[in-house]
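First residue of the sequence shown: 905, per the working numbering; consecutive thereafter. Have a look at the structure below before the remarks.
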Amino acid sequence: MGVGASLASVIDIDRAAVERFWAAFCAHRGKDLPVPTAETFGDSPEMADELLGLVLDGTKRATASAHDSYAPAGEDLPQVADRWIPCDGKGIPRCVLETTDVRVGPLDSVDDQFAWDEGEGDRSRAYWLSEHQGFFERTAAGDGFTYSESMPTVFERFAVVWPPELADSPR
């Protein structure tokens, strides 16, 4: 499932932990960089933990979000090379991700490879569509968009770049 603005009221992100986590990343890189967005996957603490677990075990390398949820949340669309910090269901940062590809298209334009890269369920397009339709139907009103099968969707691929023991490759 996508990264969810609707979780802001469900999961409190531990901002102090995020700042410490990012400071450790910057020290490792030898660069002082502004703290990026920290957020969770899904729409519940349980889903946040489940989806983050797929990232941490190397299965999940993509996510999708509703294009029209960004403006109401005051957020910019992701861009290639953006870094962000996914947090677990308790709001604790667990890794640093870097966006490697972004495509905007209708929800139902998802292809087999993207569904596979999201790593959820049986990894099929049919499973992906079913689960994401349900997710977007649940979160539409709270995230400021209208659900439809053809709604504009942000298809984002990413790599884990830190901590080193989880990183996909040096970046």
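We put the beta carbon where it would ideally sit given N, CA and C, even for glycine. Please read these numbers as outputs of a predicted model, since none were measured by experiment.
*Taking C-beta to C-beta, are Gln1037 and Glu1060 nearer than 9 Å?*
For the purposes of this step, residue 1037 is taken as residue 133 along the sequence shown, with counting starting at 1. For the purposes of this step, residue 1060 is taken as residue 156 along the sequence shown, with counting starting at 1. Against a cut-off of 9 Å, the Cβ pair of Glu1060 and Gln1037 comes out as no contact.
*Please list, in chain order, all residues of the same chain as Trp1066 whose beta carbon is under 6 Å from its beta carbon, the five residues on each side excluded.*
Working through the sequence shown from its first residue, we reach residue 1066 at position 162. Excluding positions up to five away in sequence, the list reads Phe929, Val1000.
*Decide if Ala1019 is buried, meaning its Cβ has at least 16 other Cβ atoms within 10 Å, or exposed.*
Counting from one through the sequence shown, the residue named residue 1019 turns up at place 115. Buried.
*Backbone secondary structure at Asp953 - three-state DSSP*: One-based indexing of the sequence shown puts residue 953 at position 49. Annotated three-state conformation of Asp953 is helix, per DSSP.
*Could you check what DSSP says for Val922 in three-state terms: helix, strand or coil?*
The sequence position of residue 922 within the sequence shown is 18, counting from 1. Looking at Val922 - three-state DSSP - the assignment turns out to be helix.
*Select from Asp992, Thr1050, Asp936 the residue whose C-alpha is nearest the C-alpha of Ser948.*
Sequence index remark: in the sequence shown, residue 948 carries index 44 (1-based). Minimum Cα distance to Ser948 is reached at Asp992.
*asked:* By alpha-carbon positions, which one of Phe1049, Gly995, Asp1012, Thr941 ends up nearest to Ile989?
replied: As a working note, residue 989 is residue 85 in the sequence shown. When only C-alpha atoms are compared, the closest one is Thr941.
_Neighbourhood of Leu955 by C-beta, 6 Å cutoff - its chain only, sequence neighbours within 5 removed_ = The sequence position of residue 955 within the sequence shown is 51, counting from 1. Exclusion of the five residues before and after Leu955 leaves Phe945, Gly946 as the residues of its chain whose Cβ lies within less than 6 Å of its Cβ.
*asked:* Could you tell me the alpha carbon to alpha carbon distance between His971 and Lys964, rounded to whole angstroms?
replied: Counted from its first residue, the sequence shown places residue 971 at position 67. Counted from its first residue, the sequence shown places residue 964 at position 60. Their Cα atoms are separated by approximately 20 Å.
*asked:* Suppose you measure from the CA of Phe925 to the CA of Ile996; what does that come to, to the nearest Å?
replied: The sequence position of residue 925 within the sequence shown is 21, counting from 1. The sequence position of residue 996 within the sequence shown is 92, counting from 1. Between the alpha carbons of Phe925 and Ile996 lies a gap of roughly 9 Å.
_Ordered list of beta strand (DSSP E) runs contained in the stretch 927-987, each at least 3 residues_ = Listed in chain order, the complete beta strand (DSSP E) runs (minimum 3 residues) inside the stretch 927-987 are 966-970.
*Count the other CB atoms within 10 Å of the CB of Leu911; is the residue buried (16 or more) or exposed (fewer)?*
For the purposes of this step, residue 911 is taken as the residue at position 7 of the sequence shown. A caution first: Leu911 carries a pLDDT of 42, below 50, which makes its placement in the model unreliable, though a value can still be read off. Only buried fits Leu911, as 16 or more other CB atoms lie within 10 angstroms of its CB.
*So, helix, strand or coil for Ser1073, using DSSP?*
Counted from its first residue, the sequence shown places residue 1073 at position 169. Ser1073 falls in the coil class under three-state DSSP.
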